Amino acid sequence: MTSPSSTPAAPAAPAAPAADAAPVDPPGHGMLLAFTGGFVDTLGFVALFGLFTAHVTGNFVLIGAAMAGDGHADVVGKLLALPTFVIGVAATRLFQLRRERQGRDTAAPLVAIQLAGLVAFMLAGVWAGPFAHGGGMQAIGVGLMGVLAMSVQNTAARSVFSRLTPSTVMTGNVTQLVMDLVDIATRAPGMAAAGARLHKAWPPVAAFAAGSLAGGLGYAHAGFWALLAPCIALAVLLRLLRKH
Numbered sequence: 031m032t033s034p035s036s037t038p039a040a041p042a043a044p045a046a047p048a049a050d051a052a053p054v055d056p057p058g059h060g061m062l063l064a065f066t067g068g069f070v071d072t073l074g075f076v077a078l079f080g081l082f083t084a085h086v087t088g089n090f091v092l093i094g095a096a097m098a099g100d101g102h103a104d105v106v107g108k109l110l111a112l113p114t115f116v117i118g119v120a121a122t123r124l125f126q127l128r129r130e131r132q133g134r135d136t137a138a139p140l141v142a143i144q145l146a147g148l149v150a151f152m153l154a155g156v157w158a159g160p161f162a163h164g165g166g167m168q169a170i171g172v173g174l175m176g177v178l179a180m181s182v183q184n185t186a187a188r189s190v191f192s193r194l195t196p197s198t199v200m201t202g203n204v205t206q207l208v209m210d211l212v213d214i215a216t217r218a219p220g221m222a223a224a225g226a227r228l229h230k231a232w233p234p235v236a237a238f239a240a241g242s243l244a245g246g247l248g249y250a251h252a253g254f255w256a257l258l259a260p261c262i263a264l265a266v267l268l269r270l271l272r273k274h
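When you line the sequence shown up against the numbering used here, it's residues 31 to 274, in that order.
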């Protein structure tokens, strides 16, 4: 009897990718993130004398205005915002890459980190505020805590939430909305694609606007305690992510 010919072993299947190697895109997530972005940026701007915590590059405009002598001399916090933001983005990305190499979830932990950062921002503001001006060490420290928290959202928006409408800056979103509306109104080629983009983009833009209004009104009535609203929004998002 002849022995059966040996067959080569099948190659091992590649390791499964991380749970969120593909960007996350369920309905409602973009609205929660956009509401948070608008709320925190507006509250920080009002409470910290013109400091942008989410739209960090906007601080360059305010620094330029101060250099022109418009009377806003509290520029130290705005100068420190960019390097603080860069450090936050780098640290968030390193954490994200480490978890992805381990094949572990990334989206939910990033939201949890941002939530913890926002809670710390809120409590620090409640303890140290309200501030008489934006140039004091306590005001600067509290503001940079907000910048760090929002650096996590900006990093996630460019990675695990990259399929969602951008949630911290609305200029590009509004531009695209207007272009799509014109395409639909004029029945331009690609009208169907414009309609799909419009359907996806307008809810986060509306949520950002609502968050901005709520952030200003919330600070006027509740001070830094108003940050409970975006904290709740992130907690809801975290629960949704863990259910998926």
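Note that the Cβ used here is the ideal one computed from N, Cα and C, for glycine as well.
Only a predicted model underlies this, so the values are computations on that prediction, with no experimental measurement involved.
- In terms of Cβ geometry, L112 and V70 do not form a close pair [threshold 8 Å].
- The DSSP assignment places complete alpha helix (DSSP H) segments of no fewer than 4 residues inside the segment 146 to 205 at 167 to 187, in order along the chain.
- Separation of A96 and F191 (C-alpha to C-alpha, rounded to the nearest whole angstrom) is 35 Å.
- A straight-line Cα-Cα distance of about 30 Å links L81 and L127.
- Take the alpha-carbon of T122 and the one of A218: they are about 42 Å apart.
- Cβ contact annotation for L73 (same chain, cutoff 8 Å, sequence separation greater than five): G245, G246, G248, Y249, F254, A256 and L257, in chain order.
- Two segments are said to touch when three or more pairs of C-beta atoms, one from each, lie closer than 8 Å; by this definition the segment 151 to 159 does not touch the segment 57 to 69.
- Residue state for G58 is assigned as coil, using DSSP reduced to three classes.
- Look at R269 here: in three-state DSSP terms it is helix.
- Annotation: the continuous alpha helix (DSSP H) that includes P113 extends over V106 to R131.
- For H251, the enclosing alpha helix (DSSP H) begins and ends at M221 to A252.
- Per DSSP, reduced to three states, the secondary structure at D135 is coil, with no helix or strand assignment.
- Taking 8 Å as the cut-off, the beta carbon of L264 is found closer than this to the beta carbon of V141.
- Note on geometry: alpha-carbon atoms of G176 and L271 lie some 23 Å from one another.
- In the three-state DSSP reduction, L78 falls in the coil class, being neither helix nor strand.
- When secondary structure is reduced to three states using DSSP, A263 falls in the helix class.
- Sequence-distant partners of K230 (beyond 5 residues in either direction) whose C-beta falls short of 7 Å from its own C-beta, in its chain, are T195.
- Of the residues H251, G220 and M209, the one whose Cα lies closest to the Cα of W232 is M209.
- A straight-line Cα-Cα distance of about 26 Å links I214 and T198.
- L124 is classed as exposed because its beta carbon has fewer than 16 other beta carbons within 10 Å across all chains shown.
- Where G99 is concerned, there is no enclosing alpha helix (DSSP H), because DSSP gives it neither an H nor an E.
- Looking from the CA of V204, the closest CA among A236, V76 and H251 belongs to A236.
- Closest in C-alpha terms to G147, from the list H274, R269, Q206 and P260, comes P260.
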